[in-house]
Amino acid sequence: MPRMNNFRRLPQSLLVLLTAASSALAVPSPWQPVGESVLQTAAPGSTGAVASESKICSEVGINLLARGVSDILAVRSQSKTDSLDPNLQGNAVDTFVGTQLCVGVIGMHHSGLGGGGFSLVRDKNGNYTVIDYRESAPAAAFEDMYKGNVRGSIVGGLAAGVPGELAGLEKAHKEFGVLPWKAVVRPAAYVARNGFPVSEDLVRYMAYGIAYAGWNFLVEDPSWALDFAPHGSLLTLGETMYRKRYAETLEKVAEHGADVFYTGAMADATIDYLQKYNGTMTLDDLSNYQAIIRQPVNITYHGFNLYSSGAPSSGAVCLSTLKTMEGYDASDTADVNLTLHRFDEAMRFAYGAHQALGDPDFLSDVDKLEYKMLDASEAASIRQRILDNSTQPVKNYDPDEIYTSESHGTSHIVTADASGMAVSSTTTVNLLFGNLLMVPETGVILNNEMNDFSIPGVTNQFGYAPSEANFIRPNKRPLSSITPVIIEHSNGTLLATVGAAGGSRIISSTTQVTWHVLGRAMTMRDAIKEPRFHDQLMPNEVVFEYSFENSTVASMAEKGHNVTWVREGISAVQGIKLAGDGIFESVGETRQKNSGGLSI
Numbered sequence: 006m007p008r009m010n011n012f013r014r015l016p017q018s019l020l021v022l023l024t025a026a027s028s029a030l031a032v033p034s035p036w037q038p039v040g041e042s043v044l045q046t047a048a049p050g051s052t053g054a055v056a057s058e059s060k061i062c063s064e065v066g067i068n069l070l071a072r073g074v075s076d077i078l079a080v081r082s083q084s085k086t087d088s089l090d091p092n093l094q095g096n097a098v099d100t101f102v103g104t105q106l107c108v109g110v111i112g113m114h115h116s117g118l119g120g121g122g123f124s125l126v127r128d129k130n131g132n133y134t135v136i137d138y139r140e141s142a143p144a145a146a147f148e149d150m151y152k153g154n155v156r157g158s159i160v161g162g163l164a165a166g167v168p169g170e171l172a173g174l175e176k177a178h179k180e181f182g183v184l185p186w187k188a189v190v191r192p193a194a195y196v197a198r199n200g201f202p203v204s205e206d207l208v209r210y211m212a213y214g215i216a217y218a219g220w221n222f223l224v225e226d227p228s229w230a231l232d233f234a235p236h237g238s239l240l241t242l243g244e245t246m247y248r249k250r251y252a253e254t255l256e257k258v259a260e261h262g263a264d265v266f267y268t269g270a271m272a273d274a275t276i277d278y279l280q281k282y283n284g285t286m287t288l289d290d291l292s293n294y295q296a297i298i299r300q301p302v303n304i305t306y307h308g309f310n311l312y313s314s315g316a317p318s319s320g321a322v323c324l325s326t327l328k329t330m331e332g333y334d335a336s337d338t339a340d341v342n343l344t345l346h347r348f349d350e351a352m353r354f355a356y357g358a359h360q361a362l363g364d365p366d367f368l369s370d371v372d373k374l375e376y377k378m379l380d381a382s383e384a385a386s387i388r389q390r391i392l393d394n395s396t397q398p399v400k401n402y403d404p405d406e407i408y409t410s411e412s413h414g415t416s417h418i419v420t421a422d423a424s425g426m427a428v429s430s431t432t433t434v435n436l437l438f439g440n441l442l443m444v445p446e447t448g449v450i451l452n453n454e455m456n457d458f459s460i461p462g463v464t465n466q467f468g469y470a471p472s473e474a475n476f477i478r479p480n481k482r483p484l485s486s487i488t489p490v491i492i493e494h495s496n497g498t499l500l501a502t503v504g505a506a507g508g509s510r511i512i513s514s515t516t517q518v519t520w521h522v523l524g525r526a527m528t529m530r531d532a533i534k535e536p537r538f539h540d541q542l543m544p545n546e547v548v549f550e551y552s553f554e555n556s557t558v559a560s561m562a563e564k565g566h567n568v569t570w571v572r573e574g575i576s577a578v579q580g581i582k583l584a585g586d587g588i589f590e591s592v593g594e595t596r597q598k599n600s601g602g603l604s605i
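Heads up: the sequence shown is residues 6 to 605, going by the working numbering.
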């Protein structure tokens, strides 16, 4: 297939975009590749690392880190030539931003400019910053807006929150990046314009998306069909997908910054399309959006320092579970069945507390609740309430009898460099392909994040009321399961950065991998390969991957747990661990065929 053969040469030019070309340089075409791809010669190294769901995008990131401007393609327009220091190399934040924008191109089913997320950043001095670019409710949103119309929170214009991804990435870059903005944006535009192969993962998600939507929107909707069915039928494995409208959008963002997305013609196109499909978002909603800098939550765990993002994300749930586990006698871990039961019970108590969390800008007591969740005395109290011989009724973990909505989707990226800078970040458009709207002019897929708010009057299977803490308010941000984690040694040096995609399963997966790395001294690869389970309290069941030991699962059933088996792939974890010799171990999710972890 000619397209596939052409693509196989593409990685040698993925280091796309700006250079230190002189004004006299003659460029025969807009993009001129320089040098060979880092991937051709990459080996575990100490300069830095990246892991994401896409090998192609991880390569974009590692090239920004390894070669920076000196090996990015030159762009010379008729009116302007960029002049840059050819020796300037990127850092972990440049790597993250470039990788994330690329993932939005290739993993468009759950990430992109139409969504939002959270980033946990560790700077080279060991200071931590949380960047909250979660989507927010439009100003016209109100508590009962989905009464009798829950589907309106899932599909169509009314389902979209104000997108935050681009505002968040730009803020991260301005605060911590060293490469020019254009240098980190243009590689993703290049991938979108020049195409990428339809992967096994994308084939699977396209099938899921069509089934979930109930109609073949990827082929029958003209806006989607331009990318997904350019010749009248859905692209298949190995064929090349081009996203030229999205490429043009990214090229404008590279030239003009995030404002070009939130104001002007691009914003007009977004709002017109949303309002065509019953949306209430306005131009003011877009232009007023701001990414928020927040303080991290943190604990110590057996001498390690762990950091994560607090509400409206869910780092406190992960750290609460680990803090509870820390207090058990180390010798008890030899009993695998008992340890798993305790771990699950600790997680159930943490998920119970999770039901009361929400946007701290709208709730006065969230900080106090998170402080309590992470306090050593609360962890000791939970251990006293855990019964070693049985699980307990849901009410024992959630005495207020409330529930919050379930999260979906997401994509995770981790990066680190030799200075000690590291990033753990998750983005999302929520359900597969968001609200099923792609803006025709820009190729941007819009989120359905409004479905992450709690809807009044809709009780769950236990008859529990929806959590008021997560009710809709104008400009409020819905509760998220996103749980980025960065780990330090007791002396403050970087050990690891880890996180997961998978909606509500983000918390349990990140917690387990972190526990395997710290509590069981595993390599990052072994920790990610370990079988996973998930228990979010409601529904009242524990879900085990098929690779779990049968006898261990049987012991959980004997203790009263409702156990269910599922195939591998309930979540996707990306992780980086720094060895004592300074070499990075970078691991993409082993359950994803197309993930990639690279170090240099």
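In this text, a Cβ means the ideal position worked out from N, Cα and C, and glycines have one as well. Everything numeric in this text was worked out from a predicted model, so none of it was measured.
- With respect to A506, T433 sits close: the two C-beta atoms are nearer than 9 Å.
- Pairing P301 with V135, the inter-Cα distance amounts to about 6 Å.
- When C-alpha distances from V102 are compared across N132, D586, A56 and E244, the shortest belongs to A56.
- Using a Cβ-Cβ distance cut-off of 8 Å, the segment 514–526 and the segment 540–548 are not in contact, since fewer than three pairs of beta carbons, one from each stretch, lie closer than that value.
- Per DSSP, I575 is not a residue of any beta strand (DSSP E), being assigned neither H nor E.
- Close CB contacts of A146 within its chain, under the 6 Å cut and outside five residues either way in sequence, are with I477 and P479 (chain order).
- The continuous alpha helix (DSSP H) containing H178 extends over residues E170 to F181.
- With a threshold of 16 other beta carbon atoms within 10 Å, H307 falls short and is exposed.
- The beta carbon of R198 sits closer than 6 Å to those of K249 and A252, all from its chain and outside the five residues before and after it, given in chain order.
- Exclusion of the five residues before and after H261 leaves no residue of its chain whose Cβ lies closer than 7 Å to its Cβ.
- For P227, no pairing in a beta bridge is given by DSSP.
- Around V399, the same chain offers F467, L542, M543 and N545 as residues with beta carbons nearer than 7 Å, after the five sequence neighbours per side are excluded.
- For the pair E140 and Y213, the Cα-to-Cα distance works out to about 24 Å.
- Contact annotation: G166 and N452 have beta-carbon atoms nearer than 9 Å.
- Here A505 is bridged, per DSSP, to V578.
- Counting the other CB atoms within 10 Å of its CB gives A216 a total below 16, which places it among the exposed residues.
- In terms of CA proximity to E563, H346 leads the group A358, H346 and G497.
- Collapsing the DSSP output to three states places R299 in a strand.
- CA-CA distance, T100 to Y408, rounds to 37 Å.
- Just measuring C-alpha positions, the residue of L93, V189, G119 and H115 sitting nearest E64 is V189.
- S514 sits in a helix when the DSSP states are folded into three classes.
- Ranking R537, M378, E375 and Y402 by CA distance to the CA of S514 puts R537 first.
- Comparing alpha carbon positions, the residue from L362, G320 and E573 closest to L125 is G320.
- Under the Cβ criterion (8 Å, minimum of three pairs), the segment 384–400 counts as touching the segment 314–329.
- Annotation: the continuous beta strand (DSSP E) that includes L125 extends over G121 to R127.
- Looking at the DSSP output, A321 bridges to nothing.
- Rounded to the nearest angstrom, the gap between the Cα atoms of L163 and M286 is 8 Å.
- In the DSSP assignment, G602 falls within the beta strand (DSSP E) that extends over G601 to S604.
- Restricting attention to R510, F589, L500 and G593, the CA atom closest to the CA of L311 is found in L500.
- Just so you know, the alpha carbons of E244 and V203 end up roughly 6 Å apart.
- Taking all protein chains in view, the Cβ of T241 is surrounded by fewer than 16 other Cβ atoms within 10 Å, so the residue is classified as exposed.
- As computed with DSSP, E590 is found in a beta bridge with K582.
- Listed in chain order, the non-local C-beta contacts of P445 below 6 Å within the same chain comprise S228, local neighbours out to five positions each way being set aside.
- In the structure shown, L379 falls within a helical segment according to DSSP collapsed to helix, strand and coil.
- Going by beta carbons, H359 and I512 fall inside the 9 Å limit.
- The Cβ-Cβ distance between L442 and Y294 does not fall below 9 Å.
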